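A short write-up of the structure that comes next.
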Amino acid sequence: CESIAIRAALGPERRWTHSLWRSVLPGQSALPGALAVATDVQRSAMQLDSDPASFSAMMDAVHPRLVAWLESLPDQPSHATDGATDRLSGFREALPERPGGLEPLLDRLFGDVIPFSFNTAGPGYLAFVPGGGLPSACIAELVASVTNRYAGVWAAAPVAVEIETQVLRWLCELCGMPDGSLGILTTGASMSNFIAAITAREAKLGPDLTGAVAYVPTEIHHCMTKALRIAGIPPDGIRAVPVDERFRVRVDSLQRMIADDRTQDRRPFMVCASAGTVNTGAVDPLDAIADLAEAEDLWFHIDGAYGATFYMVEELQPPLAGMPRADSLSLDPHKGLFLPYGTGALLVKDLAALRAAHAADAAYLPPLNEGHQQIDFCNLSPELSRDWRGLRLWLPFHLHGVQAFRDALREKHQLAIQAADALAQVPDVELAHAPELSLFAFRQRLPGRPLAEENAHNRDLIARINATRRIMLTGTEIDGTYWLRICVLHLRTHQDRMDEAIDIIRGCLAGPGPGRG
2 CESIAIRAAL GPERRWTHSL WRSVLPGQSA LPGALAVATD VQRSAMQLDS
52 DPASFSAMMD AVHPRLVAWL ESLPDQPSHA TDGATDRLSG FREALPERPG
102 GLEPLLDRLF GDVIPFSFNT AGPGYLAFVP GGGLPSACIA ELVASVTNRY
152 AGVWAAAPVA VEIETQVLRW LCELCGMPDG SLGILTTGAS MSNFIAAITA
202 REAKLGPDLT GAVAYVPTEI HHCMTKALRI AGIPPDGIRA VPVDERFRVR
252 VDSLQRMIAD DRTQDRRPFM VCASAGTVNT GAVDPLDAIA DLAEAEDLWF
302 HIDGAYGATF YMVEELQPPL AGMPRADSLS LDPHKGLFLP YGTGALLVKD
352 LAALRAAHAA DAAYLPPLNE GHQQIDFCNL SPELSRDWRG LRLWLPFHLH
402 GVQAFRDALR EKHQLAIQAA DALAQVPDVE LAHAPELSLF AFRQRLPGRP
452 LAEENAHNRD LIARINATRR IMLTGTEIDG TYWLRICVLH LRTHQDRMDE
502 AIDIIRGCLA GPGPGRG
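Just add 1 to the spot in the sequence shown (first one is 1) and you have the working numbering.
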């Protein structure tokens, strides 16, 4: 009877109940206390889960706050980190051993955390390379997180893995990659570039890295150099290739560097290029680099984190000609496809090379697949545990249609062209070059003044522009010259905000400065 009572109190965990029964049976007097403790433990543990009613209540609490936040986005400042340090102490807190209410926690998040940041979700965010936070992708993320399907091994969730595989096929198609290309979704281009570096190293060098040389443009994102370094390529094997006046790789210099390295018995294995640099938006001459890489038997990798998705727009393909010839291509759907941060991709021409560089097996795993159609993503990157990333692109593509994404990219390109044309008409404003995609750099010249004074003036200029908090720009320094950058790639940036941005910039250009009022 006591055994039945314990089972009734503790619920369906029969094995645990029987273990408890055996442990207390010799001492009958211990039963009431053991039962009480076990019941309290289970009751506490069960709080981690949510029954349908409590989950619905949590959603009801979050929903109106998110809706109100989205509605207020046009009026929110583009950045608001001032005062953030005053709130840090409130989050240096003891471990919360006991449960708390959801509403007070949401108050803290929406009152003391979210507002004190760069507003990367707002229409005035023209800094760095914006990320979108597409709401429909967040719905997909909610479904993926709650259902928690493991997509690292095909056998664990065959249809979920097929969805992610199909998303990769779509990305290959949209980027012009040849039939048979595939790849893997990653956390972003930093991981994609690292996986590409490992794959190129294994495919072209094998285990012996003696004399290994990879070539990177001086204007490529620093994560590419970092990827090569942590892939085991020594600093003297990472060769920086100079760029021309438009900040694009000089192919003649690259060719000479390869020839010089071969005469010194070095082993060139990889050449990297940019499909849109982070400094000026420059696109390297990809076709010419592809020709050279093919002639020299080098792995050709393109960092297209920012610009690769513009290939989806037919009239914007000419600057990106040659991109489909890459052995590997990194891109960031959390940039060009407006998804939440943490969604990158690596596309490869030869999936076997990717698998050969990363495959591993273990006795506890289900049988792994070697076919092209049934993919074990754990064999294509360093990750074993990974989230179900494919849903956050699959659902928005179906819900909105791919044409909407093409039109959004087309719009951002047109807005950048208009902004660049407007600023180019302002006296003493210099553009690094006209935007090929949607990012460009500019600065205000001070004729007759030293470069150091010009740089200081442009740093002050960007501070005055950003002080309006209606837009946010970022700057960069190239060969000692400071430039302001505009990157139009936000889901919510449209004509009205860009018109306002140009008015703000023009006003600041005409404002205080050396020789100006």
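Glycine included, each C-beta is placed from N, C-alpha and C at the ideal position.
This structure is a prediction, so every number in the text was calculated from the model and none was measured.
Can you tell me the Cα-Cα spacing of Ala138 and Arg393, whole angstroms?
5 angstroms
Taking the alpha-carbon positions, what's the Glu501 to Glu412 distance?
16 angstroms
Using CA coordinates, which residue listed in Ser182, Asp298 and Ile231 is at the minimum distance from Leu206?
Asp298
If Asp328 and Trp300 are in contact, beta carbons under 8 angstroms, what's the gap, nearest whole angstrom?
5 angstroms
Thinking just about the alpha-carbon of each residue, which of His80, Phe56, Ala62 and Gln43 is nearest to the one in Thr475?
In this structure, His80 is the residue among His80, Phe56, Ala62 and Gln43 with its C-alpha nearest to the C-alpha of Thr475.
Taking Met271 as part of the beta strand (DSSP E), name the residues at either end of that continuous run.
Annotation: the continuous beta strand (DSSP E) that includes Met271 extends over Arg268 to Ser275.
Taking the C-alpha atoms as reference points, what is the distance between Arg93 and Phe117?
16 angstroms
Ignore the nearest five residues each way along the sequence and tell me which others in Arg493's own chain have a CB closer than 7 angstroms to its CB.
Leu74, Gly123 and Pro124
If we ignore side chains and look at the alpha-carbon of each, how far apart do Ala62 and Gly323 end up?
50 angstroms
Take His335 and list the residues in its own chain whose beta-carbon comes closer than 8 angstroms to its own, dropping the five residues that flank it on each side.
Gly132, Gly133, Gly189, Pro341, Tyr342, Gly343, Thr344 and Gly345
Whose C-alpha, out of Thr86, Thr187 and Gly181, is nearest the C-alpha of Leu347?
Thr187
DSSP has His495 in a bridge; who is on the other side?
Bridge partners of His495: none, in fact.
Enumerate, from N- to C-terminal direction, the unbroken alpha helix (DSSP H) stretches of 4 or more residues contained entirely within the segment 96–135.
103–109
Roughly how many angstroms separate the alpha carbons of Gly102 and Leu352, rounded to a whole number?
49 angstroms
What does a CB cutoff of less than 8 angstroms around Pro136 pick up in its chain, not counting 5 residues either side in sequence?
Leu71
Spatial neighbours of Gln29 within its chain, please: C-beta separation below 6 angstroms, excluding the five flanking residues on both sides.
Any reading at Gln29 must be qualified, since the residue scores a pLDDT of 47, below 50, and its modelled position is unreliable; the value itself is stated next. Hits under 6 angstroms: none found.
Assess, as a yes-or-no matter, whether the segment 430–444 is touched by the segment 472–487 under the definition of 3 or more beta carbon pairs within less than 8 angstroms.
yes
Note the first and the last residue of the continuous alpha helix (DSSP H) segment covering Gln419.
In the DSSP assignment, Gln419 falls within the alpha helix (DSSP H) that extends over Val403 to Ala425.
Helix, strand or coil, according to DSSP, for Glu478 in the structure here?
strand
Determine the contact status of Arg326 and Ala283, defining contact as a CB-CB distance below 8 angstroms.
no
Which residues does DSSP pair with Asp304 in a beta bridge?
Ser275 and Ser331
Hey, which unbroken runs of the alpha helix (DSSP H) at 4 residues or more fall wholly within the segment 176–223?
190–205
DSSP state of Trp389, grouped into three classes?
Here Trp389 sits in coil by DSSP.
So for His359, helix, strand or coil by DSSP?
Helix, per DSSP.
So what does DSSP say about Arg89, is it helix, strand or coil?
Note that residue 89 is Leu in the sequence shown, not Arg. Correct three-state label for Leu89: helix.
Go to Leu440, then tell me how far its beta strand (DSSP E) extends in each direction, as first and last residue.
Here the beta strand (DSSP E) through Leu440 covers Leu440 to Gln445.
Between the C-alpha atoms of Val272 and Ser331, what's the straight-line distance to the nearest angstrom?
14 angstroms
According to DSSP, is Val154 helix, strand or coil?
Three-state DSSP puts Val154 in coil, outside helix and strand.
Just how far apart, CA to CA, sit His64 and Gly508?
40 angstroms
Pick from Val162, Ser182 and Pro159: whose alpha carbon is nearest that of Thr170?
Reading off the sequence, residue 170 comes out as Arg, not Thr. Nearest C-alpha to Arg170: Ser182.
In the DSSP output, what is Tyr365 paired with across the bridge?
For Tyr365, which the question treats as bridged, DSSP gives no partner whatsoever.
Just mark Ser146 as buried or exposed, buried being the case when its beta carbon has 16 or more other beta carbons within 10 Å.
exposed
Report the rounded CA-to-CA distance for Leu432 versus Asn456, giving the unit in angstroms.
15 angstroms
Within 10 angstroms of its Cβ, does Val242 collect 16 or more other Cβ (buried), or is it exposed?
buried
Tell me, which residues are paired with Trp484 by DSSP?
Thr477
Could you compute how far the alpha carbon of Asp480 sits from the alpha carbon of Glu220?
11 angstroms
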